[in-house]
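Peer 1:
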Amino acid sequence: AGEKTEEEGAADREEFVHGDRSVETDGSQYVGQTQQRNKASVMVKPFSCRICLKGFSAASSLKMHEKSHEDHKQFQCSICGKSFHNKYSFAYHQRSHSGEKPFVCDVCGKRFSQASSLKQHERIHTGEKPYKCDQCGKTFRTDGNFYRHLRIHTGEKPFECDRCQRKFNQSNQLKHTLIHTGTKPYLCNVCGKSFNQSSILKGHMQVHAVSKPFMCDVCGKAFIYNYALRKHRRRHLQDGEGKRQRCDSCGKEFSSAGALRTHRLLHSGQKPFECDTCGKAFTQKYSLVIHQRRWKWCPTSGLSLGKSEKGNF
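Be aware that the sequence shown starts at 1, since it is given in the UniProt record's numbering, and climbs by one per residue.
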């Protein structure tokens, strides 16, 4: 028999859990293993078919049975034509067409097409993580995640781009090939600009965000990201604007002249930044921005529709 497909392997595992007979992974060893078991039990069927593992009590019966296999694949799907070595693999495959999911989680009711998937899911509820990395001690719920993690330590990168031969340790990283094809499937629904990676689109969407909550206390410029504000502030420091500034009224020191000017408004009582909706005034523009984000706005009329249900967002 040739190498088993993923479906056949999964179905074999399912058979082991739910089958009504014992299953061996290597048919050639079946007779010897059966004889060992029979030392402590009644003689069972010692002659096993190498193709489907079905057992027989006589060699002649086995020989007759093996003739039923054509090209070592007895079970053929009438929908897609795919053939399988045994009825368990065949039954599992048929569920891919029917959508049948007979295995149900007792905790949350989620259904699965195979027993091994249910067993893996149940670990979410139990917290069991049976796969442990002997190098760093990290544990995993599934063998797939475990083996992917091991590649971090081994440096193995089995997935190769057929355009530039760049290698990756995960198959989903082969989306890298979109760089070569020029395909940009991720579309911004605001401006229509497209991107070749979903992460780039996610970052781009922030450009359309109304809120820029991170404001420079030197020049008042606002930014979407805090890291952009930090980078911007370094420019002021390089220009000599970051020297310590002292308040004449209370002696408090600040890193910039802009911060000092804002602070002085507290002493003067001035609140130059006023909300157009409710009239509330603030000493800092940043405080006004935060205040305005608490309101829902009509983009057509510019009128407030009342406070947001979420409050501050």
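In this text, a Cβ means the ideal position worked out from N, Cα and C, and glycines have one as well. These numbers were taken from a predicted model, which means no experiment stands behind them.
Suppose you measure from the CA of C247 to the CA of R264; what does that come to, to the nearest Å?
Peer 2: Distance between the alpha carbons of C247 and R264: 7 Å.
Peer 1: Which of the three DSSP states is assigned to V107 in this structure?
Peer 2: DSSP places V107 in coil when its eight states are reduced to three.
Peer 1: Given this structure, state the Cα-to-Cα distance separating T262 from T283, to the nearest angstrom.
Peer 2: Roughly 7 Å between the two C-alpha positions.
Peer 1: Could you compute how far the alpha carbon of C77 sits from the alpha carbon of S171?
Peer 2: Distance between the alpha carbons of C77 and S171 is about 29 Å.
Peer 1: I need the DSSP call for K87, collapsed to helix, strand or coil.
Peer 2: It is helical.
Peer 1: Which of helix, strand or coil does DSSP assign to S98?
Peer 2: DSSP places S98 in helix when its eight states are reduced to three.
Peer 1: Any idea what DSSP makes of T283, helix, strand or coil?
Peer 2: T283 falls in the coil class under three-state DSSP.
Peer 1: Once DSSP output is grouped into helix, strand and coil, what is the label at Y131?
Peer 2: Three-state result, Y131: strand.
Peer 1: Below 7 Å between beta carbons: does that hold for I79 and H93?
Peer 2: No; because the gap between Cβ atoms is not below 7 Å, this pair is not in contact.
Peer 1: Identify which residue in Y286, S116, A259 and K63 has its Cα closest to the Cα of R212.
Peer 2: Here residue 212 is Lys; the residue named in the question, Arg, does not match the sequence. Comparing Cα-Cα distances from K212 to each of Y286, S116, A259 and K63, the minimum goes to Y286.
Peer 1: Apart from the five residues on each side of it in sequence, which residues of its chain come closer than 8 Å, Cβ to Cβ, to N226?
Peer 2: Hits under 8 Å: F214.
Peer 1: Given a cut-off of 7 Å, decide if K129 and residue 320 are closer than it, judged by their beta-carbon atoms.
Peer 2: With the chain covering only 1 through 313, there is no way to say anything about residue 320.
Peer 1: Give me the DSSP bridge partner(s) of K167.
Peer 2: BP columns for K167 point to E160.
Peer 1: Under the assumption that Q245 contacts I224 (Cβ atoms under 8 Å), give the Cβ distance between them as a whole number of angstroms.
Peer 2: Going by Cβ atoms, the distance from Q245 to I224 rounds to 27 Å, so no, they are not a contact pair.
Peer 1: Out of D134, R163, L237 and D162, point me to the one whose CA is closest to H149's CA.
Peer 2: Measuring from the Cα of H149, the nearest candidate turns out to be D134.
Peer 1: In whole angstroms, what is the alpha-carbon distance linking T34 and G55?
Peer 2: Confidence in T34 is poor, its pLDDT being 39 and thus under 50, which makes the residue's placement unreliable; the coordinate value appears in the next sentence. Looking at the two C-alpha atoms, the distance is approximately 10 Å.
Peer 1: So what does K273 bridge to, in DSSP terms?
Peer 2: It is Phe, not Lys, that sits at residue 273 in the sequence shown. In DSSP, F273 forms a bridge with F282.
Peer 1: T154: which of G144, R163, N169 and D162 sits nearest, CA to CA?
Peer 2: Ranking the options by Cα distance to T154, first place goes to N169.
Peer 1: Once DSSP output is grouped into helix, strand and coil, what is the label at R249?
Peer 2: Before going on, a small fix: residue 249 reads as Ser here, not Arg. S249: coil per DSSP, three-state reduction.
Peer 1: Between which residues of its own chain and R123 is the CB-CB distance below 6 Å, once the five residues before and five after are set aside?
Peer 2: Counting only Cβ-Cβ distances below 6 Å, and skipping sequence neighbours, we find R141.
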